[in-house]
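Undergrad:
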Amino acid sequence: MTISDLPQPSPHFDLAVIGGGVVGCAVLRAATLAGLGTLLLERGPDILSGASKGNSGILHTAFDAPPASLEHRLMQSGRRIYLDIRERLGLPLLETDAVLVAWSQAEAEALPGILEKGRKNGVREIRPVASEELHRRHPHLAGSALAGLLVPGEHVIDPWSAPLAYAHQALANGAAIWRQAEVTRCERNDGRWHLTTRHGTCSAGIVIACAGNFSDRVEALAGRGGFAIRPRKGQFVVLDKTARRFLPSIVLPVPTERTKGIVLCPTIYGNVLIGPTAEDQDDRERATVDRTSLEHLLAEGVRMVPALAAEPVTAVYAGLRPASDRSDYVIDCSPADGWITVAGIRSTGLTAALGIAEHVVCLVGEHIRAIAALPSPLWPRVPNLAEHLPRDHQRPGRGDLVCLCETVTRDEIEAALTGPLPAGDLGGLKRRTRALMGRCQGFNCLAEVCALAEGRLIASPPVASLGHAA
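Under my numbering, the sequence shown has 262 at position 217, and the numbering climbs by one with no breaks.
1) Within this structure, are the beta carbons of residue 470 and residue 502 separated by less than 7 Å?
2) Skipping 5 residues on each side, what residues in its chain have a beta carbon closer than 8 Å to that of residue 438?
3) Drop a sphere of 10 angstroms on the beta-carbon of residue 487, count the other beta-carbons inside from all chains shown, and report buried for 16 or more, exposed for fewer.
4) With 7 Å as the threshold, decide whether the Cβ of residue 266 is near any Cβ in chain B.
5) By Cβ distance, which residues of its chain are closer than 7 Å to residue 122, with the 5 residues on each side in sequence left out?
6) Count the other CB atoms, across all protein chains shown, that sit within 10 Å of the CB of residue 339; report buried if there are 16 or more and exposed otherwise.
7) So what's residue 110 in DSSP terms, helix, strand or just coil?
8) Which same chain residues, not among the five before or five after residue 210, have their C-beta less than 8 Å away from its C-beta?
9) Where does the unbroken beta strand (DSSP E) through residue 493 begin, and where does it stop?
10) What would DSSP say about residue 64, mapped onto helix, strand or coil?
11) Can you list, in chain order, the residues of its chain whose CB lies under 8 Å from that of residue 466, leaving out five sequence neighbours each side?
12) Within the continuous beta strand (DSSP E) that includes residue 386, where are the two ends?
13) Could you tell me the distance, in whole angstroms, from the CA atom of residue 410 to the CA atom of residue 416?
14) Just to confirm my understanding: we take residue 389, look at its own chain, exclude 5 residues before and 5 after, and list those with CB closer than 6 Å. What are they?
15) Skipping 5 residues on each side, what residues in its chain have a beta carbon closer than 6 Å to that of residue 241?
16) Looking only at C-alpha atoms, which of 364, 262, 87 sits nearest to residue 245?
17) From the DSSP output, which residues share a beta bridge with residue 144?
18) In three-state terms, what does DSSP make of residue 176?
19) When we look at the beta-carbon of residue 261 and count the other beta-carbons within 10 Å, is it buried (16 or more) or exposed?
20) With distances taken between CB atoms, is the gap from residue 109 to residue 294 smaller than 7 Å?
21) Under the rule that 16 or more other beta-carbon atoms within 10 Å means buried, what is residue 158, buried or exposed?
22) Could you pull out every residue in the same chain whose Cβ sits closer than 6 Å to the Cβ of residue 60, ignoring the five residues on either side in sequence?
23) Taking Cβ to Cβ, would you say residue 395 is nearer than 7 Å to residue 349?
24) Would you decide whether residue 189 is buried or exposed? Buried here means 16 or more other CB atoms lie within 10 Å of its CB.
25) I'd like to confirm the pairing. Which residues does DSSP put opposite residue 362 in its beta bridges?
26) Just how far apart, CA to CA, sit residue 103 and residue 201?
27) Identify which residue in 316, 311, 345 has its Cα closest to the Cα of residue 322.
28) By how many angstroms is the C-alpha of residue 285 removed from the C-alpha of residue 140?
29) Between the beta-carbon of residue 334 and the beta-carbon of residue 361, is there less than 7 Å?
30) Can you name the start and end residues of the alpha helix (DSSP H) that residue 448 belongs to?
31) Which whole-angstrom value is the C-beta distance of residue 430 and residue 203, which I expect to be below 8 Å?
32) Can you say whether residue 226 is buried or exposed, counting buried as having 16 or more other CB atoms within 10 angstroms of its CB?
33) Going by C-alpha distance, which of 378, 398, 387, 79 is nearest residue 408?
34) Can you look up residue 48 in the DSSP assignment and give me helix, strand or coil?
35) Taking its Cβ as the centre, do 16 or more other Cβ atoms sit within 10 Å of residue 207, making it buried, or is it exposed?
36) Would you report the Cα separation of residue 514 and residue 78, rounded to the nearest angstrom?
As structure tokens, then:
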């Protein structure tokens with residue numbers, strides 16, 4: 046337990062954010078920089094304990110987003126803000142671009158419509174590529190690729206360091222974060238919300254509900270409603286770093302109305318990702334993997350890039366996307382109640398998070414109360430985890446290596462266990478360092494990592510902690 050996790054002497058805040066995923070962390074940052082006294086309430090032992098811990102890590106251009114939708118607008122503004130602030134926060138960017146590939150005549154016939162949509166969505170650089178250029182750009186692509194679209198600007202980022210950086214900047218500028226603080230009761234009295242959590246009680250004039258897969262349940266606690274969450278599971282396969290040489294850029298499928306389809310994607314950590322599936326389920330917490338789906342993902346990856354057939358699998362994992370019964374993001378503001386709902390943020394939430402946060406804070410300023418930006422905010426930087434940039438193990442005089450597969454040093458693990466927002470569980474330690482996430486999945490270093498973390502985590506490591514990348 047850390048200082049930021051403890052109830053404050055006077056737990057009264059201008060604004061409380063419910064949910065510590067990527068959107069909640071971005072909203073916390075934006076509200077704090079707008080001069081508000083802020084608190085984040087996260088039900089898990091660490092931030093990113095829910096939907097945000099499992100995604101593909103793509104910074105999208107929004108070329109295929111629904112035109113004129115809120116999702117499209119906030120994806121583009123979120124991307125713009127990320128590119129503007131990332132260097133000050135130490136956040137990496139792997140500039141890959143993407144090719145959207147048609148594998149059948151029917152898919153090829155859909156390309157002109159996707160091209161027109163992309164240009165209407167403001168992505169002017171998108172253009173057709175014939176089979177010859179497609180294979181010249183992507184020499185390991187299967188010969189059955191008929192045609193495609195080149196989508197410049199589809200890049201790869203670190204899906205875990207980004208929200209961690211947003212949370213760190215909020216803390217550095219006066220915010221508070223309570224973990225293991227699931228909200229169990231919401232009451233509006235005397236113009237303020239009084240929130241009961243499993244961690245303590247607090248009050249806030251404004252609540253921003255960013256509760257992911259539990260959004261509709263949090264709304265119900267406040268006597269609100271109007272939408273339903275139906276989690277959509279996505280399973281992923283992670284290939285070894287040796288596979289990276291066969292994938293010079295992101296390979297996108299022709300999307301359907303229901304899903305963007307199975308993507309081949311380099312990761313910021315040097316691996317190759319295949320996925321996700323799209324499976325609706327009722328369970329909001331458990332995202333299991335199954336052999337049939339994973340074998341299908343591998344087969345699809347090999348169908349697109351045959352050289353991947355010989356590449357070993359490093360890890361498999363699954364995430365739950367908080368899909369709703371609406372076709373667009375659910376962002377509703379109730380000025381009289383001081384409540385803003387942010388829900389139904391699907392797989393595009395990593396890209397859109399900073400745009401969503403900017404939009405929400407504008408709603409606060411326009412409809413609820415005056416805001417004033419901090420004159421000189423602090424800009425803490427997060428450690429680099431990207432494979433294409435200098436890592437701690439390359440530093441002269443660095444500490445001993447603990448995780449050999451991912452070249453994670455003892456200094457990195459110690460840093461992740463200290464500071465204003467230390468890892469709260471083993472998953473949080475992985476996401477801050479890459480430890481336990483390499484070829485051996487912790488077989489060689491789990492004991493040492495757990496020894497270093499002993500007595501320092503909010504939630505003790507589970508016995509069955511091996512073999513899961515997230």
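Even for Gly, the Cβ is constructed at its ideal location relative to N, Cα and C.
TA: On the basis of the coordinates in this document:
1) yes
2) 446, 452, 453, 454
3) buried
4) Absence of chain B from the displayed structure is noted, only one protein chain being present.
5) 400, 403
6) buried
7) coil
8) 134, 135, 136, 425, 426, 427
9) Where residue 493 is concerned, there is no enclosing beta strand (DSSP E), although the alpha helix (DSSP H) it sits in stretches over 491 to 498.
10) coil
11) 47, 49, 92, 209, 212, 213, 216, 222
12) 384 to 388
13) The alpha-carbon atoms of residue 410 and residue 416 are separated by roughly 6 Å.
14) 369, 371, 374, 375
15) 229, 230
16) 87
17) Residue pairing for residue 144: DSSP places it in a beta bridge opposite 195, 296.
18) Residue state for residue 176 is assigned as helix, using DSSP reduced to three classes.
19) buried
20) no
21) exposed
22) 76, 81, 83, 249, 251
23) no
24) exposed
25) 281
26) 5 Å
27) 345
28) 20 Å
29) Residue 361 sits close to residue 334, with the two beta carbons spaced by under 7 Å.
30) Note, residue 448: premise wrong, no alpha helix (DSSP H); beta strand (DSSP E) at 446 to 448.
31) 6 Å
32) buried
33) 378
34) Here the model assigns residue 48 a pLDDT of 45, short of 50, so the residue's position is not dependable, and the following value carries that caveat. Correct three-state label for residue 48: helix.
35) buried
36) Note that residue 514 scores a pLDDT of 40, beneath 50, so its modelled location is shaky; the value from the coordinates is reported in the next line. Near 33 Å, if we compare the C-alpha coordinates of residue 78 and residue 514.
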